[in-house]
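In our numbering, the protein residues as written are 114 to 375.
Note that beta-carbon positions come from the ideal geometry of N, C-alpha and C, so glycine has one too.
What follows is a set of notes on a single structure, which appears directly below.
Right, here's the structure in full:
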């Protein structure tokens with residue numbers, strides 16, 4: 114496999130700006146929180162399966178997207194890779210009077226699985242809580258559209274601080290098995306870089322990490338003979354994959370590399 118190394122397609126960066134969430138719902142407060150939570154979750158599943166994406170956005174708090182147009186476009190994509198008609202509610206657990214966890218089974222991003230959705234009462238209306246408002250999530254999911262089906266993809270990062278998770282902007286698909294990374298990382302002359310890499314999937318629920326995180330310790334350069342090479346295993350066939358990168362060094366770390374899939 115040949116790839117032109119370190120020719121960026123897109124760079125990983127943090128994008129500022131306000132996140133978007135809807136504040137209306139047809140599901141109102143009730144003396145039966147579990148019943149209300151299950152009802153709004155089912156209404157969301159129905160709206161998604163019927164391709165009523167604007168209606169679906171009114172049933173959730175989702176801070177991942179910076180505009181309603183972007184949110185609707187992403188929900189349309191989520192519908193194309195998940196089977197909302199297959200989703201069946203199996204349980205609802207009361208955390209307190211305003212918070213319920215709804216458990217469901219179904220095909221999420223091509224995988225039959227059991228998952229949980231948090232549902233919260235806000236201003237006497239019940240909302241699904243999807244995704245998160247982390248700046249790294251907003252950066253990854255609001256960049257200009259780019260998805261690769263190629264066997265090699267590029268990533269880069271600058272100034273990642275200790276303990277914060279970041280995600281590559283470019284998403285990729287794979288037929289399964291290992292995802293391979295070849296790259297470099299650098300923490301300066303006084304410290305060694307200490308970075309973990311893991312595959313994460315963007316689903317309508319939020320990020321889902323897959324397989325184990327792989328640590329890479331030490332400074333590596335972009336020279337052909339001085340790059341690190343790792344395999345991220347336990348990744349099933351699927352799409353909407355990103356690389357989750359966390360710096361554990363006490364100083365900011367820079368890096369870049371290529372992602373190889375089959």
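Can you tell me the Cα-Cα spacing of residue 229 and residue 239, whole angstroms?
-> 16 Å
Would you call the segment 361 to 370 and the segment 267 to 274 touching, i.e. three or more CB-CB distances under 8 Å?
-> yes
By how many angstroms is the C-alpha of residue 170 removed from the C-alpha of residue 134?
-> Residue placement at residue 134 is flagged as unreliable, the pLDDT there being 44, under the threshold of 50; the coordinate-derived value follows with that caveat. If I take the Cα positions, the gap works out to 8 Å.
Contacts around residue 288, its chain only, beta-carbon distance under 6 Å, and the 5 residues preceding and following it disregarded = 350 and 375
Of the residues 296, 215 and 305, the one placed nearest residue 338, counting alpha carbons only = 296
Limits of the unbroken alpha helix (DSSP H) element including residue 152 = 146 to 162
Leaving out the 5 sequence neighbours to the left and right, which residues in its chain are closer than 8 Å to residue 185 when beta-carbon positions are compared?
-> 166, 167 and 170
What are the residues that DSSP puts in a beta bridge with residue 230?
-> 215
Would you identify the three-state DSSP class for residue 192, choosing helix, strand or coil?
-> helix
Which of helix, strand or coil DSSP assigns to residue 183 | helix
Using a threshold of 8 Å, state whether the C-beta atoms of residue 299 and residue 355 are closer than that.
-> no
In terms of DSSP beta bridges, what is residue 323 paired with?
-> 312
Do residue 232 and residue 150 have their C-beta atoms within less than 8 Å of each other?
-> yes
Per DSSP, which residues does residue 369 bridge with? Please list them.
-> 269 and 297
How is the alpha helix (DSSP H) around residue 282 delimited, first residue to last?
-> Unbroken run through residue 282: none, as it is neither H nor E.
Quick one: any contact between the segment 216 to 229 and the segment 315 to 329, if contact means 3 or more CB pairs under 8 Å?
-> yes
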